[in-house]
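Asker: Residue numbers (the numbering used here): 46 to 524.
Glycine included, every Cβ here is placed at the ideal spot set by N, Cα and C.
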């Protein structure tokens, strides 16, 4: 089965247009609906001269959303579970009923309503700690490149490792904050004092050089594996892709469009050949399992070009992240905690006008693991959040603090903000007649948090539970 077609998901097929035009393309800023696509697909699909690439810039005709009801929702007091955030111990006591709903699941997703809210990182760290210390979870997976996060995890295991340099080397900048550093410092300390190790993983694919280099190292160490020629080819294609990604936000940078597309497709086929050769490659079992992950990551990163050039359609980033999550729990008894944006972990696609994304990741995971998926969303009404003006998130995108726009009238955030408890959670299945379709805010890594950040949802369509913090602050940047 080709990547991007997981679990029988339908994709939006966009029309082919006549090839013509220039050899390089300037990249514009990215609209809100593109922020949750494949990171490279967002660049490709919003290119100014997109017709020259062979497809329409629009993933499909947008279906106009019905006008939202602006009548406030008054929630029954019995639905509100107040939470104290004054200390880990008080928080742990308050969320025990919530954690017990998660404990037996194979995949627990902890969402974030923005990519830069300090409280969302802090409270998810505390939830992760409880699940790891008390319920047998052994890995937390970020919305971050798989192999890069593997290298971060390996670095944390080194005796004299310092957390912050590893974060800057291997994490998208949305994760480069003091709150995430607290989680990683705890992981490092836990592993130094406990026999049962926990680890940090990634479910996304953007950079390709990390996995190309890891595969090349394995090929050189085990020459009888027969992988040296293929890994050399993969490295060549990865160098081009990552050079574009490293420069993609630079003003005036022109993408070498034809080389990019052709190299990306060849990179996909090369990664696929590596995958197919691994079952018979002469590698020790542990190294074979590592190679399987690196090859899958490379194929995911290049899947955009296969879908674009062969199937004439957009890639589904959500389906790819679900495939990688499935890979992380392939061993018997394995469980994982996923940290990703609400728009991804949601069971329903967040942006109705962007059907080519095929998500959310939660919908794929529910089909992969029926009854074994639990998703907690997080949301806020007012405060500040960290974001970047870069059109495409990278390891070096600068993050700054921005004020959240006031919630739009009739939105879930406006109604939840009227609850007396400043921090609380609710179980969506208990909403009953109050489970209404209203605007729900999804703020990406950009600074926009206004009316274009909303999509109409019943909360049960997105989450099993929602953790709401009325007033929040921007994540604290690394020093």
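For residue 142, which of 156, 218, 313, 125 has the nearest alpha-carbon?
Answerer: Residue mapping note: residue 142 aligns to position 97 of the chain shown, counting from 1. When only C-alpha atoms are compared, the closest one is 125.
Asker: For a test of the three-state rule: what should DSSP assign to residue 424, helix, strand or coil?
Answerer: Position 379 of the chain shown, counting from 1, holds the residue named residue 424. Correct three-state label for residue 424: strand.
Asker: Taking only three categories from DSSP, how would you classify residue 523?
Answerer: As a position in the chain shown, residue 523 is number 478, starting the count at 1. Looking at residue 523 - three-state DSSP - the assignment turns out to be coil, as it is neither helix nor strand.
Asker: Is the beta carbon of residue 147 sitting closer than 7 Å to the one on residue 140?
Answerer: For the purposes of this step, residue 147 is identified with residue 102 of the chain shown, where counting begins at 1. For the purposes of this step, residue 140 is identified with residue 95 of the chain shown, where counting begins at 1. Contact flag unset, no.
Asker: Which runs of the alpha helix (DSSP H) fall wholly inside the region 209 to 297 and span at least 4 residues, in chain order?
Answerer: For the region 209 to 297, whole alpha helix (DSSP H) runs of length 4 or above, ordered along the chain, are 223 to 238, 254 to 266, 273 to 292.
Asker: Could you compute how far the alpha carbon of residue 222 sits from the alpha carbon of residue 438?
Answerer: What you label residue 222 is simply residue 177 of the chain shown in a count that begins at 1. What you label residue 438 is simply residue 393 of the chain shown in a count that begins at 1. Cα to Cα, residue 222 sits roughly 15 Å from residue 438.
Asker: Would you list, in sequence order, the uninterrupted beta strand (DSSP E) runs of no fewer than 3 residues that lie entirely inside the region 128 to 163?
Answerer: Those beta strand (DSSP E) runs which fall completely within the region 128 to 163 and span 3+ residues are 152 to 157.
Asker: Is residue 186 near residue 383, with beta carbons less than 7 Å apart?
Answerer: Locating residue 186 in the chain shown gives position 141, counting from the first residue. Locating residue 383 in the chain shown gives position 338, counting from the first residue. In contact: residue 186 and residue 383 (Cβ atoms closer than 7 Å).
Asker: Measuring alpha carbon to alpha carbon, tell me which residue in 251, 176, 486, 183 is nearest residue 376.
Answerer: In the chain shown, the residue the question calls residue 376 occupies position 331. Cα-wise, what sits closest to residue 376 is 183.
Asker: Is residue 433 closer than 7 Å to residue 446 when the C-beta atoms are compared?
Answerer: On the chain shown, position 401 is the one that residue 446 refers to. On the chain shown, position 388 is the one that residue 433 refers to. No, Cβ-Cβ distance for residue 446 and residue 433 is not below 7 Å.
Asker: Determine the DSSP secondary structure at residue 376, reduced to helix, strand or coil.
Answerer: Within the chain shown, the letter at position 331 stands for residue 376. Reduced to three states, the DSSP call for residue 376 is coil.
Asker: Hey, residue 518 and residue 428: beta-carbon distance below 7 Å or not?
Answerer: Counting from 1 along the chain shown, the entry for residue 518 is found at position 473. Counting from 1 along the chain shown, the entry for residue 428 is found at position 383. Yes, these two residues count as a Cβ contact at 7 Å.
Asker: Considering only C-alpha positions, which residue in the set 314, 196, 430 is nearest to residue 162?
Answerer: Along the chain shown, read from residue 1 onward, the residue named residue 162 stands at position 117. For the residues 314, 196, 430, the minimum Cα distance to residue 162 belongs to 430.
Asker: Could you tell me which residues DSSP puts in a beta bridge with residue 417?
Answerer: Taking the chain shown and counting its residues from 1, one reaches residue 417 at position 372. Bridge partners of residue 417: none, in fact.
Asker: What residue from 225, 394, 318 has the CA that sits closest to residue 525's CA?
Answerer: Examination of residue 525 is not possible in this model, given that the chain is present from 46 through 524 alone.
Asker: What's the gap between the Cα of residue 316 and the Cα of residue 379?
Answerer: One-based indexing of the chain shown puts residue 316 at position 271. One-based indexing of the chain shown puts residue 379 at position 334. Each residue's Cα considered, the two are about 26 Å apart.
Asker: Give me the Cα-Cα distance between residue 283 and residue 321, rounded to the nearest whole angstrom.
Answerer: The residue you call residue 283 lines up with position 238 of the chain shown. The residue you call residue 321 lines up with position 276 of the chain shown. Roughly 19 Å separates the two Cα atoms.
Asker: With which residues is residue 486 paired in a DSSP beta bridge?
Answerer: For this step, residue 486 is matched to residue 441 along the chain shown. DSSP lists 499 as partners of residue 486.
Asker: Tell me the rounded alpha-carbon separation between residue 199 and residue 236.
Answerer: Here the question's residue 199 lines up with position 154 in the chain shown. Here the question's residue 236 lines up with position 191 in the chain shown. Answer to the nearest angstrom: the Cα atoms are 12 Å apart.
Asker: What's the call for residue 371, buried or exposed, on a 16-neighbour Cβ count within 10 Å?
Answerer: In the chain shown, the residue the question calls residue 371 occupies position 326. Result: buried.
Asker: Which of helix, strand or coil does DSSP assign to residue 431?
Answerer: Here residue 431 refers to the residue found at position 386 of the chain shown. Of the three classes helix, strand and coil, the one that applies to residue 431 here is strand, per DSSP.
Asker: Looking at chain C, is there any beta carbon in it that lies within less than 7 Å of the beta carbon of residue 298?
Answerer: In the displayed structure, chain C is absent; only one protein chain is listed.
Asker: So for residue 75, helix, strand or coil by DSSP?
Answerer: Translated into the one-based positions of the chain shown, residue 75 becomes position 30. Caution is warranted here: a pLDDT of 47 is assigned to residue 75, below 50, making its placement in the model unreliable, and the coordinate value is therefore given only provisionally. Residue state, collapsed to three classes: coil.
Asker: Quick test of the definition: if touching needs 3 or more C-beta pairs under 8 Å, does the region 471 to 490 touch the region 451 to 463?
Answerer: They touch, by the three-pair rule.
Asker: Residue 444 and residue 270 - do their beta-carbons sit closer together than 7 Å?
Answerer: Mapped onto the chain shown, residue 270 falls at position 225. Mapped onto the chain shown, residue 444 falls at position 399. No, the pair does not count as a contact, with Cβ atoms beyond the cut-off.
Asker: Between residue 192 and residue 228, how many whole angstroms is the CB-CB distance? I'm expecting something under 8 Å.
Answerer: The residue given as residue 192 occupies position 147 in the chain shown. The residue given as residue 228 occupies position 183 in the chain shown. Actually they do not touch by this definition, with Cβ atoms about 20 Å apart.
Asker: Do the CB positions of residue 448 and residue 515 come within less than 7 Å of each other?
Answerer: The residue you call residue 448 lines up with position 403 of the chain shown. The residue you call residue 515 lines up with position 470 of the chain shown. Cβ distance not < 7 Å, so residue 448 and residue 515 don't count as in contact.
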